[in-house]
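Remarks on the structure that follows.
In this note's numbering, the protein residues as written are 60 to 586.
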């Protein structure tokens with residue numbers, strides 16, 4: 060009688076005996092297995108990239124052993140919200156993620172991705188990165204491929220062509236559909252367009268991950284739209300970088316979390332993710348009205364040269380400032396401005412004064428327009444409440460995510476979340492402030508994201524699972540990266556193991572690139 064393949068798979072692992080040799084044994088560690096349960100002490104044996112035995116393995120032979128006495132052993136962290144496209148070619152070792160305990164990233168968020176996901180994952184397979192990579196397919200790039208930056212509804216033919224692109228992406232390995240409804244051209248789409256595309260992703264057990272239309276004044280309406288898409292498309296919903304922005308909105312996390320919980324009680328599978336900081340990071344262009352950003356770059360530049368359009372944009376910027384109850388754009392800090400790197404790390408208010416202009420909001424609005432005409436900028440926006448951050452953090456169906464790229468060391472003045480997200484949670488919010496327990500934090504970083512995105516053999520310390528493993532001292536873990544000096548790696552993660560290969564050895568990234576592409580079940584036959 061033939062056994063099913065899955066039975067043979069596990070049967071093979073369970074036959075490891077004392078006479079066998081394995082590639083690696085991790086001894087004497089306190090294992091937090093990712094379930095949220097209390098730690099237990101055991102050894103872990105790894106062979107051919109998999110965990111093959113857990114228990115008392117002192118008689119088992121191995122090519123290498125690591126003594127984890129006095130340390131915590133967990134699954135590798137899964138960062139569900141990243142933007143690595145392009146940077147993986149420049150820095151495939153992904154040091155900022157690996158040294159923060161991340162062994163798997165999910166990219167293609169906020170509506171931005173490669174459209175041909177099969178080709179992208181094949182490239183990752185050939186490139187060999189230090190982290191595992193899964194990808195969503197981004198609505199903005201799907202729409203742009205068919206409609207450009209047009210500010211209108213799609214025709215039926217265009218809609219079907221977009222559906223075909225999403226279907227091909229799901230078949231090619233995408234784990235779901237993402238939207239960036241704050242960005243162009245996603246901001247020009249209506250709910251029914253997203254529902255139709257989400258229905259395609261749902262056929263392949265995909266997730267709908269959304270950067271909503273608003274995280275400030277209209278956040279309630281935006282959450283309700285995300286939930287309605289999940290309801291109509293019958294697809295699990297992931298609300299990205301869950302927050303409430305703007306001083307005048309502080310405290311509204313009570314309302315927003317209540318909406319999410321009510322939806323779960325209704326039967327909508329909705330979860331959220333969060334970075335543990337009170338500042339966001341995105342493009343300078345998000346400050347401008349959507350209609351100014353339609354069509355191509357030449358059209359945008361031409362509009363901003365016209366006096367009546369400049370007056371309209373200045374008025375919109377000043378109204379936004381007034382809503383925030385601020386007189387200056389001090390909350391908006393440049394992360395990267397290619398036209399003039401001396402702007403990096405300075406606020407719009409400071410840059411305006413550098414240019415010799417009057418210390419007035421209207422003059423700062425002109426500075427914003429000038430920077431857009433010079434090519435735009437990556438920004439850090441300070442505007443969230445620490446109390447809202449903590450309240451959102453305590454919500455049990457919330458994951459931690461960096462919303463970051465692969466950092467190029469010493470390039471620009473980026474948000475520190477790209478270096479220190481997980482270390483900050485463990486060091487600051489778990490150990491120092493005791494906002495949540497270590498067991499719960501690890502669950503949110505491992506098994507919860509694996510379950511949500513269908514990563515079936517990751518996120519747990521379990522026999523037969525991929526050997527993505529961390530070894531760290533919870534008393535030492537600390538984020539070093541700051542807003543003023545962001546280029547600093549986290550400390551305390553002594554060993555990081557990806558697919559059974561040691562990538563961080565005694566705290567040092569050794570250059571190993573043992574990551575692999577992770578693709579949805581609908582695409583398994585393609586690889």
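Ideal placement from N, C-alpha and C gives every residue a C-beta, glycine not left out. Keep in mind it's a predicted model, so treat the numbers as computed, not measured.
State the DSSP-derived secondary structure class of residue i, mapped to helix, strand or coil.
{"i": "residue 580", "result": "helix"}
{"i": "residue 248", "result": "coil"}
{"i": "residue 470", "result": "coil"}
{"i": "residue 134", "result": "strand"}
{"i": "residue 238", "result": "strand"}
{"i": "residue 492", "result": "coil"}
{"i": "residue 341", "result": "strand"}
{"i": "residue 307", "result": "helix"}
{"i": "residue 448", "result": "helix"}
{"i": "residue 181", "result": "helix"}
{"i": "residue 387", "result": "coil"}
{"i": "residue 589", "result": "Residue 589 is absent from the model: the chain starts at 60 and stops at 586."}
{"i": "residue 216", "result": "helix"}
{"i": "residue 453", "result": "coil"}
{"i": "residue 313", "result": "helix"}
{"i": "residue 142", "result": "coil"}
{"i": "residue 418", "result": "coil"}
{"i": "residue 268", "result": "strand"}
{"i": "residue 550", "result": "strand"}
{"i": "residue 126", "result": "strand"}
{"i": "residue 276", "result": "coil"}
{"i": "residue 63", "result": "Residue placement at residue 63 cannot be trusted, given a pLDDT of 45 that sits under 50; the coordinates are not used to answer."}
{"i": "residue 254", "result": "helix"}
{"i": "residue 406", "result": "strand"}
{"i": "residue 357", "result": "helix"}
Quick check on this structure: which residue in the options has the alpha carbon closest to the alpha carbon of residue i?
{"i": "residue 381", "options": "367, 135, 421, 350", "result": "421"}
{"i": "residue 578", "options": "177, 86, 219", "result": "177"}
{"i": "residue 439", "options": "313, 268, 390", "result": "390"}
{"i": "residue 167", "options": "105, 237, 124, 100", "result": "237"}
{"i": "residue 232", "options": "406, 264, 107, 449", "result": "264"}
{"i": "residue 174", "options": "520, 202, 114", "result": "202"}
{"i": "residue 502", "options": "462, 453, 479, 119", "result": "453"}
{"i": "residue 254", "options": "314, 457, 287, 88", "result": "287"}
{"i": "residue 188", "options": "161, 519, 107, 484", "result": "161"}
{"i": "residue 100", "options": "88, 94, 300, 110", "result": "88"}
{"i": "residue 377", "options": "398, 329, 428, 331", "result": "428"}
{"i": "residue 227", "options": "413, 196, 209, 244", "result": "196"}
{"i": "residue 319", "options": "330, 311, 309", "result": "330"}
{"i": "residue 395", "options": "374, 436, 345", "result": "436"}
Quick check on the burial criterion: 16 or more other C-beta atoms within 10 angstroms. Buried or exposed for residue i?
{"i": "residue 546", "result": "buried"}
{"i": "residue 372", "result": "buried"}
{"i": "residue 242", "result": "buried"}
{"i": "residue 267", "result": "buried"}
{"i": "residue 314", "result": "exposed"}
{"i": "residue 411", "result": "buried"}
{"i": "residue 333", "result": "buried"}
{"i": "residue 591", "result": "Residue coverage of the chain in this structure runs from 60 to 586, which leaves residue 591 outside it and unanswerable."}
{"i": "residue 244", "result": "buried"}
{"i": "residue 511", "result": "buried"}
{"i": "residue 63", "result": "Below a pLDDT of 50, predicted positions are generally treated as unreliable, and residue 63, at 45, falls in that range; no measurement from the model is reported."}
{"i": "residue 159", "result": "buried"}
{"i": "residue 580", "result": "exposed"}
{"i": "residue 348", "result": "exposed"}
{"i": "residue 240", "result": "buried"}
{"i": "residue 118", "result": "exposed"}
Name the one or two DSSP bridge partners that residue i has.
{"i": "residue 80", "result": "120"}
{"i": "residue 588", "result": "Nothing can be reported for residue 588: it is not among the residues displayed for the chain, which extend from 60 to 586."}
{"i": "residue 333", "result": "459"}
{"i": "residue 88", "result": "101"}
{"i": "residue 438", "result": "341, 393"}
{"i": "residue 114", "result": "102"}
{"i": "residue 574", "result": "Looking at the DSSP assignment, residue 574 forms no beta bridge with any residue, so it has no partner."}
{"i": "residue 193", "result": "165"}
{"i": "residue 300", "result": "Note: residue 300 sits in no beta bridge, so no partner."}
{"i": "residue 587", "result": "Residue 587 is absent from the model: the chain starts at 60 and stops at 586."}
Checklist entry - Do the stretch 537 to 557 and the stretch 499 to 514 meet, that is, are 3 or more Cβ pairs less than 8 Å apart? => result no
Segment contact, 8 Å Cβ cut-off, at least three pairs: the stretch 114 to 133 with the stretch 538 to 551: no
- Task: For the stretch 421 to 439 and the stretch 488 to 501, state whether three or more C-beta atom pairs, one from each stretch, are separated by less than 8 Å.
- Result: no
Quiz prompt | At least 3 beta-carbon pairs within less than 8 Å: the stretch 511 to 531 vs the stretch 133 to 153 | solution = The stretch 511 to 531 is in contact with the stretch 133 to 153.
Check whether the stretch 464 to 471 and the stretch 149 to 167 are in contact - that is, three or more C-beta pairs closer than 8 Å.
yes
I want to know whether the stretch 311 to 327 touches the stretch 353 to 364 - three or more CB-CB distances under 8 Å.
Cβ pair count under 8 Å is below three, so no.
**Request:** Inspect the CB distances between the stretch 281 to 297 and the stretch 430 to 437 and report whether three or more fall short of 8 Å.
**Result:** no
- Message: So, does the stretch 363 to 370 touch the stretch 204 to 219, judging by three or more C-beta pairs under 8 Å?
- Response: no
>> Measuring CB atoms only, is the stretch 437 to 451 touching the stretch 383 to 398, in the sense that at least three cross pairs come out at less than 8 Å?
In response: yes
Checklist entry - Quick one: any contact between the stretch 301 to 318 and the stretch 474 to 490, if contact means 3 or more CB pairs under 8 Å? => result no
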